[in-house]
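Going by UniProt numbering, the residue at position 47 of the sequence shown is 47; the numbering climbs one at a time, nothing skipped. Read through the structure below, which is laid out as C-alpha coordinates, and then see the notes.
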Amino acid sequence: MQKAMLLAKIFAATTLGLSVLTFASTANATSLVPNREGEIQTTNLGCLNATQCIDTTAAAANGLPFGYTVTSLKYDFDNKGPKFVESRIYVDDRSTKNDYGFGIIFNKQDAGTNPNLNQLWIRPSAMLGLTSTFEKGQLEVGRFKFDFLGKNIGSVTFDLFDVEDKGTTILEVNGKATTINAVAGADSNRQTITIHDVSSFVIQLGNHDSKLFPKTGDGVSMRVSVPEPGTVISLGALAVAGIISARQRKKVNMG
(Lines of atoms letter the chains of each structure in order from A and count residues from 1; the text may use other names and numbers.)
(Lines give C-alpha, C1' and ligand atoms only; values in the text may rest on other atoms or scores of the structure.)
Protein backbone atom coordinates (compact mmCIF):
# COMPACT_ATOMS: atom_id res chain seq x y z
CA MET A 1 0.00 0.00 0.00
CA GLN A 2 2.83 2.37 0.94
CA LYS A 3 4.59 1.67 -2.37
CA ALA A 4 1.40 2.41 -4.28
CA MET A 5 0.98 5.71 -2.43
CA LEU A 6 4.59 6.65 -3.18
CA LEU A 7 4.16 5.88 -6.88
CA ALA A 8 0.99 7.95 -6.96
CA LYS A 9 2.82 10.90 -5.40
CA ILE A 10 5.69 10.59 -7.86
CA PHE A 11 3.25 10.44 -10.78
CA ALA A 12 1.45 13.55 -9.48
CA ALA A 13 4.72 15.43 -9.13
CA THR A 14 5.86 14.38 -12.59
CA THR A 15 2.54 15.49 -14.04
CA LEU A 16 2.92 18.83 -12.29
CA GLY A 17 6.41 19.20 -13.71
CA LEU A 18 5.19 18.44 -17.22
CA SER A 19 2.32 20.89 -16.84
CA VAL A 20 4.72 23.63 -15.81
CA LEU A 21 6.94 22.72 -18.75
CA THR A 22 4.00 23.03 -21.16
CA PHE A 23 3.17 26.46 -19.76
CA ALA A 24 6.77 27.61 -19.87
CA SER A 25 7.18 26.57 -23.49
CA THR A 26 4.76 29.34 -24.44
CA ALA A 27 5.47 31.85 -21.68
CA ASN A 28 9.28 31.69 -21.84
CA ALA A 29 9.99 31.26 -25.53
CA THR A 30 13.11 32.40 -27.32
CA SER A 31 13.17 33.43 -30.97
CA LEU A 32 14.98 31.62 -33.78
CA VAL A 33 14.79 34.75 -35.94
CA PRO A 34 18.25 36.38 -36.14
CA ASN A 35 18.46 39.78 -34.46
CA ARG A 36 19.38 41.76 -37.57
CA GLU A 37 18.15 42.23 -41.12
CA GLY A 38 19.84 40.50 -44.02
CA GLU A 39 19.85 37.36 -46.14
CA ILE A 40 20.03 34.05 -44.31
CA GLN A 41 22.88 31.99 -45.72
CA THR A 42 21.51 28.73 -47.11
CA THR A 43 23.61 25.60 -47.46
CA ASN A 44 23.03 25.42 -51.23
CA LEU A 45 22.68 29.04 -52.37
CA GLY A 46 24.89 30.97 -49.99
CA CYS A 47 24.14 34.72 -50.06
CA LEU A 48 23.97 37.27 -52.87
CA ASN A 49 25.93 39.85 -50.88
CA ALA A 50 28.54 38.85 -48.30
CA THR A 51 28.13 42.08 -46.31
CA GLN A 52 24.42 41.39 -45.77
CA CYS A 53 24.78 37.65 -45.10
CA ILE A 54 23.56 35.99 -41.89
CA ASP A 55 25.25 32.73 -40.87
CA THR A 56 22.73 31.06 -38.57
CA THR A 57 25.32 28.52 -37.39
CA ALA A 58 27.01 31.44 -35.59
CA ALA A 59 24.43 31.59 -32.82
CA ALA A 60 25.93 34.18 -30.46
CA ALA A 61 26.66 36.66 -33.25
CA ASN A 62 23.00 36.66 -34.29
CA GLY A 63 21.25 36.51 -30.92
CA LEU A 64 20.19 32.89 -31.31
CA PRO A 65 19.95 30.28 -28.53
CA PHE A 66 21.77 27.76 -30.75
CA GLY A 67 22.92 27.40 -34.33
CA TYR A 68 21.04 25.83 -37.22
CA THR A 69 21.29 25.52 -40.98
CA VAL A 70 18.76 26.39 -43.67
CA THR A 71 18.55 24.70 -47.09
CA SER A 72 16.35 26.11 -49.85
CA LEU A 73 14.35 23.42 -51.69
CA LYS A 74 12.58 23.24 -55.03
CA TYR A 75 8.83 23.62 -54.88
CA ASP A 76 7.57 24.51 -58.38
CA PHE A 77 5.99 21.31 -59.70
CA ASP A 78 2.76 22.46 -61.32
CA ASN A 79 4.17 23.44 -64.75
CA LYS A 80 1.99 26.55 -64.80
CA GLY A 81 3.08 30.14 -65.22
CA PRO A 82 6.61 31.32 -64.33
CA LYS A 83 9.14 28.61 -63.50
CA PHE A 84 10.42 29.26 -59.99
CA VAL A 85 13.73 27.97 -58.66
CA GLU A 86 14.86 27.68 -55.03
CA SER A 87 13.87 30.79 -53.07
CA ARG A 88 16.12 33.16 -51.16
CA ILE A 89 15.30 33.75 -47.48
CA TYR A 90 15.67 36.98 -45.51
CA VAL A 91 15.19 38.57 -42.11
CA ASP A 92 13.19 41.78 -42.53
CA ASP A 93 11.74 44.62 -40.48
CA ARG A 94 9.00 46.43 -42.36
CA SER A 95 9.88 49.73 -40.69
CA THR A 96 12.97 49.93 -42.93
CA LYS A 97 13.53 49.83 -46.68
CA ASN A 98 16.22 47.44 -47.91
CA ASP A 99 17.81 47.04 -51.33
CA TYR A 100 19.70 43.75 -51.59
CA GLY A 101 20.73 44.20 -55.20
CA PHE A 102 19.79 42.03 -58.19
CA GLY A 103 16.37 43.73 -58.11
CA ILE A 104 15.41 42.52 -54.62
CA ILE A 105 13.85 45.50 -52.85
CA PHE A 106 11.85 45.36 -49.62
CA ASN A 107 9.87 48.55 -49.15
CA LYS A 108 8.28 49.83 -45.96
CA GLN A 109 4.96 48.99 -47.62
CA ASP A 110 5.24 45.93 -49.85
CA ALA A 111 2.80 44.67 -52.44
CA GLY A 112 1.09 42.15 -50.17
CA THR A 113 2.58 40.82 -46.93
CA ASN A 114 3.09 43.56 -44.35
CA PRO A 115 3.55 42.43 -40.73
CA ASN A 116 3.84 44.80 -37.78
CA LEU A 117 6.45 47.55 -37.74
CA ASN A 118 9.62 47.16 -35.65
CA GLN A 119 9.46 43.37 -35.64
CA LEU A 120 11.88 41.01 -37.35
CA TRP A 121 10.26 38.34 -39.54
CA ILE A 122 11.63 35.61 -41.76
CA ARG A 123 10.48 36.20 -45.33
CA PRO A 124 11.15 34.03 -48.38
CA SER A 125 11.78 35.62 -51.75
CA ALA A 126 10.57 33.74 -54.83
CA MET A 127 13.17 33.61 -57.61
CA LEU A 128 13.15 32.80 -61.33
CA GLY A 129 16.89 32.07 -61.35
CA LEU A 130 19.86 32.27 -58.99
CA THR A 131 19.88 36.05 -59.35
CA SER A 132 16.66 36.59 -61.32
CA THR A 133 13.88 38.02 -59.17
CA PHE A 134 10.10 37.98 -59.29
CA GLU A 135 8.11 41.06 -58.23
CA LYS A 136 11.34 42.65 -56.94
CA GLY A 137 11.68 39.78 -54.49
CA GLN A 138 8.38 40.67 -52.83
CA LEU A 139 6.56 37.37 -53.41
CA GLU A 140 7.13 35.62 -50.07
CA VAL A 141 7.02 32.00 -51.23
CA GLY A 142 9.59 29.27 -50.68
CA ARG A 143 10.33 25.82 -49.26
CA PHE A 144 13.07 25.39 -46.67
CA LYS A 145 14.67 22.77 -44.47
CA PHE A 146 15.81 23.89 -41.02
CA ASP A 147 18.29 21.57 -39.33
CA PHE A 148 19.31 21.98 -35.67
CA LEU A 149 22.63 20.18 -36.17
CA GLY A 150 21.83 17.08 -34.16
CA LYS A 151 20.13 18.96 -31.33
CA ASN A 152 16.65 17.76 -30.36
CA ILE A 153 14.32 20.63 -29.48
CA GLY A 154 11.41 20.12 -27.11
CA SER A 155 9.04 22.08 -29.34
CA VAL A 156 9.05 24.58 -32.18
CA THR A 157 6.29 27.16 -32.59
CA PHE A 158 5.59 28.87 -35.90
CA ASP A 159 3.94 32.30 -35.96
CA LEU A 160 2.62 32.71 -39.50
CA PHE A 161 1.47 36.01 -40.95
CA ASP A 162 -0.99 36.53 -43.81
CA VAL A 163 -1.85 32.96 -44.84
CA GLU A 164 -4.71 33.66 -47.24
CA ASP A 165 -4.64 30.53 -49.39
CA LYS A 166 -3.74 26.86 -49.12
CA GLY A 167 -0.11 25.89 -49.53
CA THR A 168 1.65 26.85 -46.31
CA THR A 169 2.47 23.45 -44.83
CA ILE A 170 4.96 21.64 -42.59
CA LEU A 171 6.03 18.84 -44.90
CA GLU A 172 8.62 16.97 -42.88
CA VAL A 173 9.72 16.56 -39.26
CA ASN A 174 12.98 14.76 -38.42
CA GLY A 175 13.23 13.35 -41.94
CA LYS A 176 9.73 11.85 -41.88
CA ALA A 177 7.03 13.11 -44.22
CA THR A 178 4.04 14.79 -42.61
CA THR A 179 1.29 17.21 -43.60
CA ILE A 180 0.45 19.95 -41.12
CA ASN A 181 -1.43 22.64 -42.98
CA ALA A 182 -1.88 26.24 -42.03
CA VAL A 183 -5.46 27.44 -42.39
CA ALA A 184 -6.30 30.03 -45.02
CA GLY A 185 -7.80 33.13 -43.45
CA ALA A 186 -8.54 36.82 -43.88
CA ASP A 187 -5.99 39.42 -44.95
CA SER A 188 -3.19 39.93 -42.38
CA ASN A 189 -4.32 37.02 -40.18
CA ARG A 190 -1.87 35.47 -37.72
CA GLN A 191 -1.86 31.86 -36.61
CA THR A 192 0.47 29.51 -34.75
CA ILE A 193 1.45 25.88 -35.20
CA THR A 194 3.56 23.91 -32.69
CA ILE A 195 5.47 20.69 -33.34
CA HIS A 196 7.32 18.62 -30.73
CA ASP A 197 10.59 16.69 -30.38
CA VAL A 198 12.20 18.33 -33.40
CA SER A 199 15.72 18.01 -34.79
CA SER A 200 14.81 19.25 -38.29
CA PHE A 201 11.76 20.31 -40.28
CA VAL A 202 10.74 21.26 -43.80
CA ILE A 203 8.19 24.04 -44.31
CA GLN A 204 6.52 25.44 -47.40
CA LEU A 205 5.70 29.13 -47.02
CA GLY A 206 3.08 30.64 -49.29
CA ASN A 207 1.69 29.46 -52.60
CA HIS A 208 2.95 30.65 -55.98
CA ASP A 209 -0.06 29.11 -57.76
CA SER A 210 -2.68 30.77 -55.60
CA LYS A 211 -6.25 30.74 -56.88
CA LEU A 212 -6.94 33.88 -54.89
CA PHE A 213 -4.03 35.74 -56.44
CA PRO A 214 -3.36 34.14 -59.82
CA LYS A 215 -0.93 36.86 -60.90
CA THR A 216 1.05 37.23 -57.69
CA GLY A 217 0.59 34.17 -55.48
CA ASP A 218 0.01 34.15 -51.72
CA GLY A 219 3.02 35.35 -49.72
CA VAL A 220 3.60 34.42 -46.06
CA SER A 221 6.02 35.68 -43.41
CA MET A 222 7.13 33.60 -40.42
CA ARG A 223 8.56 33.88 -36.93
CA VAL A 224 9.89 30.79 -35.13
CA SER A 225 10.39 30.26 -31.40
CA VAL A 226 11.45 27.49 -29.02
CA PRO A 227 11.29 27.12 -25.21
CA GLU A 228 14.13 28.74 -23.32
CA PRO A 229 16.63 25.93 -22.64
CA GLY A 230 16.86 24.44 -19.16
CA THR A 231 14.25 26.69 -17.57
CA VAL A 232 11.53 24.42 -16.25
CA ILE A 233 12.52 20.81 -16.77
CA SER A 234 14.46 21.03 -13.50
CA LEU A 235 11.27 22.00 -11.62
CA GLY A 236 9.64 18.68 -12.38
CA ALA A 237 12.81 16.84 -11.48
CA LEU A 238 13.05 18.78 -8.21
CA ALA A 239 9.45 17.96 -7.35
CA VAL A 240 10.07 14.24 -7.82
CA ALA A 241 13.40 14.41 -6.03
CA GLY A 242 11.75 16.24 -3.14
CA ILE A 243 9.15 13.51 -2.66
CA ILE A 244 11.76 10.74 -2.85
CA SER A 245 13.99 12.58 -0.41
CA ALA A 246 11.09 13.08 2.00
CA ARG A 247 10.27 9.38 1.71
CA GLN A 248 13.87 8.43 2.49
CA ARG A 249 13.96 10.73 5.53
CA LYS A 250 10.71 9.18 6.76
CA LYS A 251 12.21 5.70 6.45
CA VAL A 252 15.29 6.77 8.45
CA ASN A 253 13.15 8.31 11.18
CA MET A 254 10.96 5.22 11.38
CA GLY A 255 13.98 2.92 11.44
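We treat Cβ as the ideally placed atom computed from N, Cα and C, and that holds for glycine.
- In chain order, S155, T157 place their CB closer than 6 Å to the CB of T194, counting only its own chain and leaving out the 5 sequence neighbours on each side.
- Pairwise C-beta distances place the region 122-129 in contact with the region 74-87, as three or more of them are shorter than 8 Å.
- Minimum Cα-Cα distance from E39 among the listed residues G142, T51, V226 corresponds to T51.
- Look at N62 here: in three-state DSSP terms it is helix.
- Inclusion of S200 and F134 in the CB contact set at 8 Å is not warranted, their separation being larger than that value.
- Inclusion of S72 and F146 in the CB contact set at 8 Å is not warranted, their separation being larger than that value.
- In the three-state reduction of the DSSP assignment, K136 falls in the helix class.
- Here the alpha carbon of M222 sits roughly 20 Å from the alpha carbon of D197.
- For the 8 Å CB-CB criterion, G101 and D162 do not form a contact.
- DSSP places A29 within a strand segment (E or B) once states are collapsed to three.
- When the Cα atoms are used, S210 and A184 turn out to be separated by approximately 11 Å.
- By alpha-carbon distance to N189, the top candidate from T42, L212, E164, D92 is E164.
- Relative to I54, the option among T178, P34, D99 whose CA is nearest is P34.
- Straight through space, the alpha carbons of I170 and K176 are spaced by roughly 11 Å.
- In the DSSP secondary-structure assignment, Q191 is bridged to L160.
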